[in-house]
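Each residue of the sequence shown is one higher than the one before, starting from 9 at the first, in this note's numbering.
The C-beta atom is built at its ideal place from N, Cα and C for all residues, glycine as well.
Report on the structure given below.
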Amino acid sequence: MKTKKAFSFPVVIALIFSVIFNLVAWKSATFSDFYTDNIFPKITSVYSRLTSLLPFSFGEWLLVAVVIYVVVTVVFILLHTIFLIVFRLISDKKDNEESKLTKVKKVLDRMSDFFYHVTPILLAITCVVMSLNCFVLYHCTKVPTYAPSEEYDLQQLADLRDYMVKKCNELSKQMPRDEKGNVVYEGDMTETARAAMRNLSKDYKRFDGYFGTPKELYFSEFMCQQYMQGYYFPFSMEANINSKMSIMNKPFTMCHELAHTQGYIYEDEANFFGFLACIRSDDIVFQYSGYLGVLNYINNDFYRAVDKSVYNSHVKISDRVKYDNQFVTEEEWKEVEKKAVIKTETVKKAADVFIDTNLKVNGVLEGKVNYTQVVGLIMDYYYYGPDGNL
Numbered sequence: 009m010k011t012k013k014a015f016s017f018p019v020v021i022a023l024i025f026s027v028i029f030n031l032v033a034w035k036s037a038t039f040s041d042f043y044t045d046n047i048f049p050k051i052t053s054v055y056s057r058l059t060s061l062l063p064f065s066f067g068e069w070l071l072v073a074v075v076i077y078v079v080v081t082v083v084f085i086l087l088h089t090i091f092l093i094v095f096r097l098i099s100d101k102k103d104n105e106e107s108k109l110t111k112v113k114k115v116l117d118r119m120s121d122f123f124y125h126v127t128p129i130l131l132a133i134t135c136v137v138m139s140l141n142c143f144v145l146y147h148c149t150k151v152p153t154y155a156p157s158e159e160y161d162l163q164q165l166a167d168l169r170d171y172m173v174k175k176c177n178e179l180s181k182q183m184p185r186d187e188k189g190n191v192v193y194e195g196d197m198t199e200t201a202r203a204a205m206r207n208l209s210k211d212y213k214r215f216d217g218y219f220g221t222p223k224e225l226y227f228s229e230f231m232c233q234q235y236m237q238g239y240y241f242p243f244s245m246e247a248n249i250n251s252k253m254s255i256m257n258k259p260f261t262m263c264h265e266l267a268h269t270q271g272y273i274y275e276d277e278a279n280f281f282g283f284l285a286c287i288r289s290d291d292i293v294f295q296y297s298g299y300l301g302v303l304n305y306i307n308n309d310f311y312r313a314v315d316k317s318v319y320n321s322h323v324k325i326s327d328r329v330k331y332d333n334q335f336v337t338e339e340e341w342k343e344v345e346k347k348a349v350i351k352t353e354t355v356k357k358a359a360d361v362f363i364d365t366n367l368k369v370n371g372v373l374e375g376k377v378n379y380t381q382v383v384g385l386i387m388d389y390y391y392y393g394p395d396g397n398l
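Below, the structure written as structure tokens:
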């Protein structure tokens, strides 16, 4: 009897490479920085150009294919195991070769060989792609600040919060709207987002490269249940957004996800660059979206830092801004809940655990709190950066 070799030589080499690559990345920020600045952009340029040719999210359907493959594999293993048990119990040894059960067994054995050999290959590909396009990025040097180790006081946070609220209140009055009061956008939002990100290359060299086309996800209802606005898929180097969320979330989210495709994997940094790209854009809708994109982080930090009477004494967020700043409209939520296969509460909890665990496994010990650390980057930028005029 021939011994099955599930892990071929190329598979073993790929797995060994992944382990060594990740160990070096964990130990050396210099290595991670060099890779992300010099090699990662070349991968992005080639791969993103190919996936951008597709009118749909290639990464999303790859995930669907993976889920289907895993389900089929698990079901097959269970059924095959049950069949083998039954086969051994009822098969007649003398007539074994000619029985119908034997013929079925041969077919199932061939299918078993397929899963036995293909699964390790897929595992190896997954390890290599995730290592090159995702894991290493978590070990790069953080975005340098203008005032390292600077401690910001409460007054600075209050001033920043009031400045952001005023900007949102002002811009909300300048938005093009339909008869229902919803913001409308008639331009090419994806191209404007790409142009806005390229403008950052003057100050941040990683943005001096090719940007793929941001794409809306087909299963956006499921994203709503996770309260997620966008995803970066390492397997396709795509920036993906939730098509069902309110329109004012979209410009900021596109820029946020595009920042991930250029090597900025930390959520606080992607938030910062999404904000910066939007407010520097000539497009007023993008500017408004940029301020709205970080308003909650800053406002919530200030709210937690003071008592209610102090908070209420500061600039009020207008009702129009509150409406524009909602994640999903009431009408969309009704549609989402109507189509939901799993309860939103269950999906949300599972998504939170997955995201938090993924961040911590990759060395981001703050977990989901990393999203809120954008406040520190924005304060540093405004008080000590080129726009330090607060």
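Residue nearest to residue i in terms of C-alpha spacing, selected from the options
i              : options                        : result
lysine 347     : Tyr55, Cys232, Asp167, Cys176  : Cys232
serine 244     : Gln381, Glu345, Glu265         : Glu265
isoleucine 386 : Glu277, Val80, Phe64           : Glu277
valine 144     : Arg185, Pro259, Tyr218, His268 : His268
cysteine 286   : Leu179, Leu162, Ser40          : Leu179
asparagine 177 : Gln295, Asp45, Gly393          : Gln295
tyrosine 146   : Phe29, Gln237, His88, Arg185   : Phe29
asparagine 304 : Phe281, Val329, Ser321         : Val329
lysine 342     : Cys148, Met253, Ile273         : Met253
arginine 206   : Leu130, Thr198, Gly217         : Gly217
methionine 236 : Asn250, Glu224, Tyr226         : Asn250
isoleucine 93  : Leu109, Val80, Ser26, Gln234   : Leu109
threonine 173  : Val336, Gly393, Lys324, Phe42  : Correcting the residue type first, residue 173 is valine in the shown sequence and not threonine. For the residues Val336, Gly393, Lys324, Phe42, the minimum Cα distance to valine 173 belongs to Lys324.
tyrosine 212   : Lys150, Val79, Trp69           : Lys150
aspartate 388  : Ser317, Tyr154, Thr200         : Tyr154
Residue interval of the beta strand (DSSP E) (run including residue i)
i             : result
glutamate 246 : 246–249
glycine 384   : Premise fails: glycine 384 lies in the alpha helix (DSSP H), 382–392, not in any beta strand (DSSP E).
tyrosine 171  : Not the beta strand (DSSP E): tyrosine 171 falls in the alpha helix (DSSP H), residues 162–180.
Buried versus exposed, by CB contacts within 10 Å (16 or more), residue i
i                 : result
glycine 189       : exposed
proline 242       : buried
aspartate 290     : exposed
alanine 73        : exposed
phenylalanine 281 : buried
threonine 198     : buried
phenylalanine 17  : exposed
valine 20         : exposed
lysine 223        : buried
threonine 59      : buried
methionine 262    : buried
valine 27         : exposed
tyrosine 390      : buried
threonine 44      : buried
glutamine 270     : buried
leucine 208       : buried
Reduced DSSP category for residue i - H, G, I as helix; E, B as strand; rest coil
i                 : result
lysine 111        : helix
phenylalanine 241 : strand
lysine 324        : coil
glutamate 194     : coil
glutamate 340     : helix
glutamate 187     : coil
lysine 436        : Any property of residue 436 remains undetermined from this structure, which presents the chain solely from 9 to 398.
lysine 223        : strand
phenylalanine 260 : helix
aspartate 216     : coil
aspartate 332     : helix
leucine 116       : helix
aspartate 41      : helix
serine 209        : helix
leucine 62        : coil
isoleucine 350    : coil
serine 139        : helix
Opening and closing residue of the alpha helix (DSSP H) in which residue i lies
i              : result
leucine 87     : 66–98
proline 18     : 17–35
methionine 231 : 228–233
threonine 52   : 48–59
Worksheet item: Residue ranges of each beta strand (DSSP E) run of no fewer than 3 residues wholly in the region 269–321, ordered along the chain?
Response: none
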